[in-house]
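Chains as they are written, first to last, in my numbering: chain A, 1 to 270; chain B, 1 to 127.
Glycine residues also receive a C-beta, built at the ideal position from the N, C-alpha and C atoms.
Input: a single structure, listed below in structure tokens.
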Amino acid sequence: MTDTSKFRRLTAEAAPGMTRAGTFLARPPHRPENRILASLPAAELGALTPHLQLVTMPTGALLRHPDAALDHVYFPHQGVISLLAVTLTGETIEVASAGRNGAICPVLSSEPHDALVGAIAHGPMRASRIPAADLHEILPQVATLAPAMEACREALLHQLRQNLVCCGLHSVEHRLARWLLETSDRLETEMVPATQEHVAQRLGVRRTTVTLLASKLQDGGAIRWGRSRVQVLDRGRLEAMACGCYPTLRERMRAVPPAEPPAAASEMAS
Amino acid sequence: MPYFYFHLRAHGTIHRDPEGMELPDAATAREHAAAVAQDLMSHSEGRTRHWSIYVEDDRGEHTLDLFFADVDPSLASFPPQTRMLVMQTSRRLGALTDALSALRATQIETRTLIARARGKPYLVLAR
């Protein structure tokens with residue numbers, strides 16, 4: 001049995017305006033920040049909303065799912081959410097991630113127990129989630145969502161494929177540069193709120209390794225890494241340090257709607 | 001438990017570890033340094049084999065050196081003499097790049113001093 005005891009349990013907190021059952025109170029559905037949900041016609045969003053649960057997650061920490069399989073679809077509103085795999089000895093590595101431009105759906109119809117969820121966000125991460133089975137059932141009433149969910153699955157497979165190539169063939173230095181760029185893109189900000197420990201857990205390496213590579217990137221002027229935040233100073237330089245996986249994946253994801261956001265502009269996420 | 005700091009010597013530069021790590025003893029510190037070296041070498045042994053990690057304790061005393069070539073898993077299949085040769089060459093290459101780097105720094109300093117003595121401005125290109 002995988003040792004996940006050191007990871008915290010995910011808690012679904014009741015947001016203001018939610019009933020104890022975890023559904024939104026009857027008030028006009030506000031425009032959700034997640035772009036997939038926001039693109040739904042009002043009637044469809046209304047049909048979906050009672051099935052959505054708003055969850056918050058602290059930034060950085062990895063959380064194990066309650067003993068039921070990781071069978072929810074997550075629509076991030078704020079921040080980036082990732083799926084991670086964990087080994088019998090407690091080593092972790094990121095499998096896939098999504099920001100508010102997308103969604104994280106389960107890789108398999110019944111997610112194995114050796115999976116974790118993690119968030120990177122300015123402040124606590126907020127996402128709406130729905131059990132995949134419920135979503136499947138309600139899909140006929142939410143016709144616009146069906147192609148979007150199909151696109152999410154396709155995007156996920158592109159990520160999985162590229163991660164296999166990257167982890168299997170590229171150096172940690174390349175992988176770190178790529179991770180910083182992709183997370184910055186998905187957060188839509190040049191400031192990534194992550195500690196070196198958090199990044200080490202996602203890359204599957206030791207924290208000291210990230211510290212030394214961060215020092216190297218910093219000396220080259222590409223980034224500045226404070227205690228818990230990385231600032232991308234020179235995007236061009238960072239892209240030069242990344243492997244070909246970064247432009248390749250961007251190209252592939254661009255062809256799959258909803259498209260990835262353009263490379264982070266200078267505006268900060270609110 | 002004592003703290004150990006793991007600094008990276010690569011291409012004539014030292015990249016410092018400001019955080020350090022609490023570990024029981026020097027032997028564990030060496031194991032950790034070896035694991036970090038293997039993380040850094042992964043899929044780029046040719047480029048990183050001549051790097052080394054310089055471990056210090058919390059009094060700033062030098063504890064040990066970990067030369068990447070000594071723990072390079074890609075050399076495991078070679079006969080011992082070849083491995084020894086690669087390990088020695090890697091150390092020499094590391095020492096040479098360190099020396100070249102120091103030489104460059106001295107050169108720049110010297111040129112700056114001379115230019116100043118002549119009362120002339122001098123632009124230094126730092127790479």
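Under 8 Å between C-beta atoms of residue i and residue j
i: A/I130; j: A/L52; result: yes
i: A/A119; j: A/V95; result: no
i: B/V55; j: A/R206; result: no
i: A/V165; j: A/E44; result: no
i: B/A26; j: B/L64; result: yes
i: A/M253; j: A/A98; result: no
i: A/R126; j: A/L70; result: no
Residue i versus residue j - alpha carbon distance
i: A/A133; j: B/Y3; result: 50 Å
i: A/S82; j: A/V199; result: 12 Å
i: A/L116; j: A/R64; result: 5 Å
i: A/T144; j: A/P41; result: 8 Å
i: B/A99; j: B/T89; result: 15 Å
i: B/G12; j: B/L96; result: 8 Å
i: B/E105; j: A/G60; result: Going by the sequence as given, residue 105 of chain B is Ala instead of Glu. Computed Cα separation, rounded: 41 Å.
i: A/V107; j: A/Q162; result: 15 Å
i: B/T110; j: A/R100; result: 55 Å
i: A/K216; j: A/E182; result: 19 Å
i: A/V232; j: A/M191; result: 6 Å
i: B/Y5; j: B/G60; result: 9 Å
i: A/T23; j: A/M57; result: Note that A/T23 scores 37 on pLDDT, short of 50, meaning its location in the model is unreliable and no value can be drawn from it.
i: A/P140; j: A/R153; result: 18 Å
i: A/P50; j: A/H136; result: 15 Å
i: B/I53; j: B/H62; result: 11 Å
i: A/W179; j: A/R250; result: 12 Å
i: A/P124; j: A/L88; result: 29 Å
Integer-rounded CB distance, given that residue j should sit under 8 Å from residue i
i: B/H32; j: B/G94; result: Rounded, the Cβ-Cβ distance is 20 Å, inconsistent with contact.
i: A/P32; j: A/A121; result: So it is not a contact: roughly 16 Å between Cβ atoms.
i: A/L213; j: A/E173; result: 6 Å
i: B/F67; j: B/M41; result: The pair is not a contact, with the Cβ atoms about 11 Å apart (cut-off 8 Å).
i: A/L203; j: A/R175; result: 6 Å
Which listed residue (the options) has its alpha carbon closest to that of residue i
i: A/A151; options: A/I36, A/V256 and A/A98; result: A/V256
i: B/L23; options: A/T208, A/S228 and A/M241; result: A/T208
i: A/W225; options: A/L203, A/V210 and A/E137; result: A/V210
i: A/E197; options: A/A177, A/P247 and A/R229; result: A/R229
i: A/S184; options: A/L169, A/L157, A/R235 and A/G220; result: A/R235
i: B/P18; options: B/M84, B/D58 and B/H43; result: B/D58
i: A/L169; options: B/D25, B/T28 and B/D39; result: B/D39
i: A/Y74; options: A/L37, A/I93 and A/T89; result: A/L37
i: A/G221; options: A/E239, A/T195 and A/G204; result: A/E239
i: B/I14; options: A/C243, A/I223, A/D219 and A/E251; result: A/D219
i: A/L160; options: A/S128, A/Q201, A/A85 and A/M149; result: A/A85
> Given a limit of 7 Å on CB to CB distance, which residues of the region 34-49 of chain B reach chain A?
Replying inline: Within the region 34-49 of chain B, the residues whose Cβ lies closer than 7 Å to some Cβ of chain A are A35, V36, D39, L40, S42, H43 and S44, listed in chain order.
>> Please list, in chain order, the residues of the region 211-239 of chain A that have any C-beta partner in chain B closer than 7 Å.
In response: From the region 211-239 of chain A, only T211, L212, S215, K216 and D219 have a Cβ closer than 7 Å to chain B.
> Name the residues in the region 148-182 of chain A whose C-beta lies less than 7 Å from a C-beta of chain B; which are they?
Replying inline: Taking 7 Å as the Cβ-Cβ cut-off against chain B, the residues of the region 148-182 of chain A that qualify are L169, H170, S171 and V172.
>> Tell me which residues of the region 189-205 of chain A have at least one Cβ-Cβ distance to chain B shorter than 8 Å, keeping chain order.
In response: The region 189-205 of chain A vs chain B, Cβ under 8 Å: Q196 and V205.
> Of all the residues that make up the region 72-96 of chain A, which are near chain B by a beta-carbon distance shorter than 7 Å?
Replying inline: Answer set for the region 72-96 of chain A: empty.
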